[in-house]
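*Asks:*
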Amino acid sequence: MASLSIRSQGTDATFLGHPRGLAYLAFTEAWERFSFYGMQSLLVLYMVQSLFVPGQIENVAGMAAYRSAIEAMLGPLSAQALAGQTFGFYAGLVYFTPLIGGWVADRWLGSKKTVVIGVVLMTAGHAAMVFDQSFLLALLLLILGSGALKGNIAAQVGQLYATQDARRTTAFAAFSMAINIGAIFGPLACGLLAQAYGWHYGFGVAGLLMLVALGVYLKGLRYFPEEPPVRRDRSQEAALTMQEWRSIAAIMAMLSMMVVLGLGYDQMYNMGMAWIDQAVDLDTTLGRLPVAWFVSIDSVAIVAATAGVIALWQWQANHGRSSSESTKIAIGGALTTIGVAIIAVGAAMAESGKVSIAFPVLAFAFTGIGFAWYWATWLALVSRYSPAKIAARMMAAAYLVAFFGNVISGYVATFYETMSPALFWSLNAGVCFAGSAAFYVFGPMLVRGLHSGAAEQPFAGQRVGPLKAL
Numbered sequence: 001m002a003s004l005s006i007r008s009q010g011t012d013a014t015f016l017g018h019p020r021g022l023a024y025l026a027f028t029e030a031w032e033r034f035s036f037y038g039m040q041s042l043l044v045l046y047m048v049q050s051l052f053v054p055g056q057i058e059n060v061a062g063m064a065a066y067r068s069a070i071e072a073m074l075g076p077l078s079a080q081a082l083a084g085q086t087f088g089f090y091a092g093l094v095y096f097t098p099l100i101g102g103w104v105a106d107r108w109l110g111s112k113k114t115v116v117i118g119v120v121l122m123t124a125g126h127a128a129m130v131f132d133q134s135f136l137l138a139l140l141l142l143i144l145g146s147g148a149l150k151g152n153i154a155a156q157v158g159q160l161y162a163t164q165d166a167r168r169t170t171a172f173a174a175f176s177m178a179i180n181i182g183a184i185f186g187p188l189a190c191g192l193l194a195q196a197y198g199w200h201y202g203f204g205v206a207g208l209l210m211l212v213a214l215g216v217y218l219k220g221l222r223y224f225p226e227e228p229p230v231r232r233d234r235s236q237e238a239a240l241t242m243q244e245w246r247s248i249a250a251i252m253a254m255l256s257m258m259v260v261l262g263l264g265y266d267q268m269y270n271m272g273m274a275w276i277d278q279a280v281d282l283d284t285t286l287g288r289l290p291v292a293w294f295v296s297i298d299s300v301a302i303v304a305a306t307a308g309v310i311a312l313w314q315w316q317a318n319h320g321r322s323s324s325e326s327t328k329i330a331i332g333g334a335l336t337t338i339g340v341a342i343i344a345v346g347a348a349m350a351e352s353g354k355v356s357i358a359f360p361v362l363a364f365a366f367t368g369i370g371f372a373w374y375w376a377t378w379l380a381l382v383s384r385y386s387p388a389k390i391a392a393r394m395m396a397a398a399y400l401v402a403f404f405g406n407v408i409s410g411y412v413a414t415f416y417e418t419m420s421p422a423l424f425w426s427l428n429a430g431v432c433f434a435g436s437a438a439f440y441v442f443g444p445m446l447v448r449g450l451h452s453g454a455a456e457q458p459f460a461g462q463r464v465g466p467l468k469a470l
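For the sequence shown, the working numbering assigns the number 1 to the initial residue and increments by one for each residue that follows.
#1: Taking serine 146 and methionine 129 to be in contact with their CB atoms under 8 Å, please state how far apart those CB atoms are, rounded to whole angstroms.
#2: Rounded to a whole number of angstroms, what is the C-alpha to C-alpha distance between leucine 282 and tyrosine 161?
#3: Going by other Cβ atoms of all chains shown within 10 Å of its Cβ, with 16 needed for buried, is leucine 4 buried or exposed?
#4: Where does arginine 321 sit, in a helix, a strand or coil, going by DSSP?
#5: Give me the Cα-Cα distance between leucine 142 and tyrosine 46, rounded to the nearest whole angstrom.
#6: If you scan the segment 97-165 from start to end, which runs of the alpha helix (DSSP H) of 4 or more residues do you find wholly inside it?
#7: Tell me the DSSP secondary structure of aspartate 277 in three-state form.
#8: By how many angstroms is the C-alpha of glycine 368 removed from the C-alpha of alanine 437?
#9: Helix or strand or just coil, what does DSSP make of valine 291?
#10: Near aspartate 277, what residues of its chain come up, given a Cβ to Cβ distance below 7 Å and the 5 sequence neighbours on each side ignored?
#11: Alanine 398 and serine 299 - do their beta-carbons sit closer together than 8 Å?
#12: Would you identify the three-state DSSP class for proline 76, choosing helix, strand or coil?
#13: Look at glycine 287 and glycine 332 and say whether their C-beta atoms are less than 8 Å apart.
#14: How about aspartate 132 and valine 53: are their beta carbons less than 8 Å apart?
#15: For threonine 490, does the three-state DSSP call read helix, strand or coil?
#16: Round the Cβ separation of valine 431 and leucine 263 to the nearest angstrom and send it over; I've been treating them as touching at under 8 Å.
#17: Alpha carbon to alpha carbon, what distance is there between alanine 178 and glutamate 29?
#18: Classify threonine 284 as helix, strand or coil using the three-state DSSP reduction.
#19: With H, G and I counted as helix, E and B as strand and the rest as coil, what does DSSP make of valine 53?
#20: What residue does the alpha helix (DSSP H) around alanine 26 start on, and which one ends it?
#21: Kindly indicate the opening and closing residues of the alpha helix (DSSP H) around valine 407.
#22: By the three-class DSSP mapping on this structure, what secondary structure does valine 60 have?
#23: Are the CB atoms of glutamine 80 and alanine 274 within a distance shorter than 8 Å?
#24: So, at 7 Å on beta carbons, what are the nonlocal neighbours of leucine 209 in its own chain, with the 5 sequence-adjacent residues on each side left out?
#25: When DSSP builds the beta bridges, which residues end up paired with valine 361?
#26: Could you pull the start and end residues of the alpha helix (DSSP H) that alanine 422 belongs to?
#27: So the alpha helix (DSSP H) lysine 219 belongs to, where does it begin and stop?
#28: Just to confirm my understanding: we take threonine 97, look at its own chain, exclude 5 residues before and 5 after, and list those with CB closer than 7 Å. What are they?
#29: Run through the DSSP bridge pairs and tell me what valine 355 is partnered with.
#30: Straight-line CA distance for glycine 443 to alanine 334?
#31: Suppose contacts are defined by Cβ-Cβ distances below 8 Å. Is phenylalanine 172 in contact with valine 157 by that definition?
#32: Beta-carbon separation of phenylalanine 359 and isoleucine 338 under 8 Å?
#33: For valine 361, which residues in the same chain have their Cβ closer than 8 Å to its Cβ, ignoring the five residues on either side in sequence?
#34: Is glycine 88 near tyrosine 411, with beta carbons less than 8 Å apart?
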């Protein structure tokens, strides 16, 4: 991301011993994630139940051309299959465009202007979601806005501190907590409003809170590091060595295994929402539970597991029994496999009637705990072993796991109606297990071949709290 000068480390420690800028960045991200996950928790069911139905889908601007393009590649799709693939494209691209956003910030605008543009675009995208006609435009604006915001705002957190400042770890833990707080309460609020008053009320509150995020960020601008002139000439960069190219190749090989390992997790946000709506008994004495609320369980599990995971890893380190990165990732994948397998069991039982909410609750709890094990470990691994001269770009590339995972899970979702739900979720669990096993078997060999010459990054080190899938 854009290079920024570092502020004095002692004179502005006014927020719990940290620079005041951290508070503004954390609160900006909390409101942005509130809006993002609130909208995302509604998206699949909104498409399946309301938008992609005869008499309504024809009103969406550009839908005929979009559907023709998708079906030219995949063949005719039902409304549910089209919704699953659309969700996959959207959820994947929001993790691809940060590569472009980082390039724009580095070479043209700087991170502050790029983040402001990102928040404005996302606000406009949420506003466009209120109208059926502008649905595709809304997704485009959200994708572009996320690309401008995501990596650049995270980079600004690290740039508040000197490289050796010990506060960097706790700063990113606080930033992580802000992300997860937004991810917990966004689906709760948007899901409740959507069920009580209609889909567009859920989308509308997401847009209003993006305006809050914009206001918080603009108010905090004076507390962020000053930006040097943006460099556009990269011709003087040193060439990569053969060992560094080997490190890149090893990381890319592990990235492919991470994609396989995480497919089940990504599918929980896609067809998982449809399965809960169709197969789970959501009726209570107080009324029907919003499906979107189950997304919050994942974030609650991540927050709850963070302290335990960090304490365990610290205890292992103090006693000389630390697990390798590949083992941690494999354990996280195994826990995620259990979560997806719980859905498979529930789907088999649902063939004779709707099942208890215990199935999705336990499933999201396991996938959340699994995510806490493997995601921060993956980011730390990439930051530790990436060549220093391209460390920022490699960190951005690490998020391609989410891009490929969501796009592929969207394609897999198109088969949901052609097989039994039990078989569909069993296959997803099997794929997740295969990725975990591959990491356990081949991960140590790949890590041994890496060159430990990484620049120190904000995510490096075992004590950084697990982050929500940004």
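The beta-carbon is built from N, C-alpha and C at its ideal position, and this holds for glycine as well.
The model shown is predicted, which means the values in this text are computed figures rather than measured ones.
*Replies:* Let me spell this out:
#1: Taking the first residue of the sequence shown as position 1, residue 146 is located at position 146. Taking the first residue of the sequence shown as position 1, residue 129 is located at position 129. Their Cβ separation, rounded to whole angstroms, is 14 Å, which puts serine 146 and methionine 129 out of contact at 8 Å.
#2: In the sequence shown, residue 282 corresponds to position 282, counting from 1. In the sequence shown, residue 161 corresponds to position 161, counting from 1. If you take the alpha carbons of leucine 282 and tyrosine 161, they lie about 47 Å apart.
#3: Locating residue 4 in the sequence shown gives position 4, where the first residue counts as 1. Note that leucine 4 has pLDDT 40, beneath the 50 cutoff, so the model's placement of it is unreliable and the number below is only indicative. Label assigned to leucine 4: buried.
#4: What you label residue 321 is simply residue 321 of the sequence shown in a count that begins at 1. It is coil, neither helix nor strand.
#5: Within the sequence shown, the letter at position 142 stands for residue 142. Within the sequence shown, the letter at position 46 stands for residue 46. Looking at the two C-alpha atoms, the distance is approximately 17 Å.
#6: 111-128, 135-158
#7: Stepping through the sequence shown from its first residue, residue 277 is reached at position 277. Helix at aspartate 277.
#8: Here the question's residue 437 lines up with position 437 in the sequence shown. Here the question's residue 368 lines up with position 368 in the sequence shown. So the alpha carbons of these two residues sit roughly 19 Å apart.
#9: Against the sequence shown, residue 291 aligns to sequence position 291. Residue state, collapsed to three classes: coil.
#10: One-based indexing of the sequence shown puts residue 277 at position 277. Result list for aspartate 277: Leu45, Val291, in chain order.
#11: The residue you call residue 299 lines up with position 299 of the sequence shown. The residue you call residue 398 lines up with position 398 of the sequence shown. Not closer than 8 Å, so no.
#12: Within the sequence shown, numbered from 1, the residue matching residue 76 stands at position 76. Correct three-state label for proline 76: coil.
#13: Start at 1 with the first residue of the sequence shown, and residue 287 comes out as number 287. Start at 1 with the first residue of the sequence shown, and residue 332 comes out as number 332. No, they are not a contact pair.
#14: If you number the sequence shown from 1, residue 132 lands on position 132. If you number the sequence shown from 1, residue 53 lands on position 53. Result no, Cβ atoms of aspartate 132 and valine 53 do not sit closer than 8 Å.
#15: Here the chain comprises residues numbered 1 to 470, so residue 490 is not present and cannot be evaluated.
#16: Taking the sequence shown and counting its residues from 1, the one referred to as residue 431 is at position 431. Taking the sequence shown and counting its residues from 1, the one referred to as residue 263 is at position 263. Correct: roughly 5 Å between the Cβ atoms.
#17: Start at 1 with the first residue of the sequence shown, and residue 29 comes out as number 29. Start at 1 with the first residue of the sequence shown, and residue 178 comes out as number 178. Cα to Cα, glutamate 29 sits roughly 7 Å from alanine 178.
#18: Against the sequence shown, residue 284 aligns to sequence position 284. Threonine 284 falls in the strand class under three-state DSSP.
#19: Taking the first residue of the sequence shown as 1, we reach residue 53 at position 53. If DSSP states are grouped into helix, strand and coil, valine 53 belongs with coil.
#20: Taking the first residue of the sequence shown as 1, we reach residue 26 at position 26. Start and end: 20-46.
#21: Counting from 1 along the sequence shown, the entry for residue 407 is found at position 407. Note, valine 407: alpha helix (DSSP H), 400-413.
#22: As a working note, residue 60 is residue 60 in the sequence shown. Note: valine 60 maps to coil in three-state DSSP.
#23: Here the question's residue 274 lines up with position 274 in the sequence shown. Here the question's residue 80 lines up with position 80 in the sequence shown. For alanine 274 and glutamine 80, yes; Cβs fall inside 8 Å.
#24: Position 209 of the sequence shown holds residue 209. Cβ neighbours of leucine 209 beyond the five flanking positions: Trp31, Phe34, Ser35.
#25: Numbered from its first residue, the sequence shown carries residue 361 at position 361. Valine 361 is not bridged to any residue.
#26: Residue mapping note: residue 422 aligns to position 422 of the sequence shown, counting from 1. It spans 421-448 - the alpha helix (DSSP H) in which alanine 422 sits, taken as one unbroken run.
#27: In the sequence shown, counting from the first residue as 1, residue 219 sits at position 219. Per DSSP, lysine 219 belongs to the alpha helix (DSSP H) from 199-220.
#28: For the purposes of this step, residue 97 is identified with residue 97 of the sequence shown, where counting begins at 1. Closer than 7 Å at Cβ, skipping near neighbours: Ile143, Leu144, Ser146, Gly147.
#29: By one-based count along the sequence shown, residue 355 stands at place 355. Paired residue(s): Val280.
#30: Reading the sequence shown from its first residue, position 443 is the one you call residue 443. Reading the sequence shown from its first residue, position 334 is the one you call residue 334. Rounded to the nearest angstrom, the two C-alpha atoms are 15 Å apart.
#31: Within the sequence shown, the letter at position 172 stands for residue 172. Within the sequence shown, the letter at position 157 stands for residue 157. A contact, by the Cβ cut-off of 8 Å.
#32: Residue 359 sits at position 359 when you count from the first residue of the sequence shown. Residue 338 sits at position 338 when you count from the first residue of the sequence shown. For phenylalanine 359 and isoleucine 338, no; Cβs fall outside 8 Å.
#33: As a working mapping, residue 361 is identified with position 361 in the sequence shown. Same-chain partners within the cutoff: Phe294, Ile297.
#34: Here residue 88 is taken as the residue at index 88 of the sequence shown, counted from 1. Here residue 411 is taken as the residue at index 411 of the sequence shown, counted from 1. Against a cut-off of 8 Å, the Cβ pair of tyrosine 411 and glycine 88 comes out as a contact.
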